[in-house]
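Structure first, then comments.
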Amino acid sequence: MTAETATAPPAPPFTLRRARTGDVAAIKRLVAPLAERRILISKESVAYYEAIQEFRVAETPDGEVIGCGALHVMWEDLAEIRTLAAADAWRRHGVGHALVELLLKEAHDVGVQRVFCLTFEVGFFERHGFEVMADQSGVDPEVYSELLRSHDEGVAEFLDLARVKPNTLGNTRMIRWLHGRARE
Ligand SMILES: CC(C)(COP(=O)(O)OP(=O)(O)OC[C@H]1O[C@@H](n2cnc3c(N)ncnc32)[C@H](O)[C@@H]1OP(=O)(O)O)[C@@H](O)C(=O)NCCC(=O)NCCS
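So for the sequence shown, our numbering puts the first residue at 750; every next one is plus one.
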């Protein structure tokens, strides 16, 4: 063994990258078992293609997609982390953490100040600086009425509209402020 190989850092078990259209099938495979358990909402393929630029994926060195997550911008200061999923066999290996940190950085880069998520994984998101949302008091009434014009389910979930409640039962609405990052 040479000194170089002895000191070479171990290859990372996975890397993150922007999603490509060819990843839609893998994203659907990650979402399917979670949708069956009503943890995530399954969407038609066309919805994933339309949103592909919002998605980031985690990939093993041999090209297997083992995690995904998306950042959906809703307003000037507001975005949502959605469709965050890690493959069962890869849970508790840091895939979710890496995706959330990347999506939060991208939220900051795009100019957003707070990031919403709707989840059963309250402890996980709390450890990433998210807080449980008490109510809608933080939403300016004018912005609220503008957001009401959206057809996006995530916006309806953020506004806690009655029409999405059957799908969101048991989930917790959480918010992460990016003030700290804005000062960086
Ligand atoms: C939420 C989710 C994406 C997390 O994925 P994950 O890859 O398991 O996440 P991580 O490995 O980064 O962190 C999970 C836990 O493993 C721990 N962990 C991370 N690396 C570890 C390691 N090498 N050894 C032991 N534990 C480890 C973390 O501390 C973390 O603990 P916590 O949840 O108590 O904070 C995953 O549970 C999931 O797919 N859930 C279903 C979908 C969902 O609810 N999505 C959120 C709403 S969009």
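Glycine included, every Cβ here is placed at the ideal spot set by N, Cα and C.
Proximity of the beta carbon of residue 840 to ligand 1 is indicated: a heavy atom of the ligand is located closer than 7 Å. Residue 926 has its alpha-carbon roughly 23 Å from the corresponding atom of residue 765. For residue 861, the three-state secondary structure derived from DSSP is coil. From the listed residues 804, 774, 905 and 874, the smallest Cα separation to residue 793 is found for 774.
If you check the C-beta of residue 830 against ligand 1, you find a heavy atom less than 7 Å away. Judged by pairs of C-beta atoms under 8 Å, the region 866-879 touches the region 912-920, as three or more such pairs exist. Of the residues assessed, residue 893 falls on the exposed side of the cut-off, its CB having fewer than 16 other CB atoms within 10 angstroms.
Excluding the 5 residues flanking it on each side, residue 916 has same chain C-beta neighbours closer than 7 Å at 790, in chain order. Following the DSSP letters along the chain, one finds residue 834 inside the beta strand (DSSP E) bounded by residues 827-835. Short of 8 Å from the beta carbon of residue 797, and not among the five residues preceding or following it, lie these beta carbons of its own chain, in chain order: 773, 776, 777 and 804. Here residue 820 is buried: its Cβ has 16 or more other Cβ atoms, across all protein chains shown, within 10 Å.
For residue 866, the shortest C-beta to heavy atom distance toward ligand 1 is below 7 Å.
In chain order, 823, 824, 888, 904, 907 and 908 place their CB closer than 8 Å to the CB of residue 896, counting only its own chain and leaving out the 5 sequence neighbours on each side. Between residue 864 and residue 832, the CB-CB gap reaches or exceeds 8 Å.
Residue range 804-808 is occupied by the beta strand (DSSP E) that includes residue 807.
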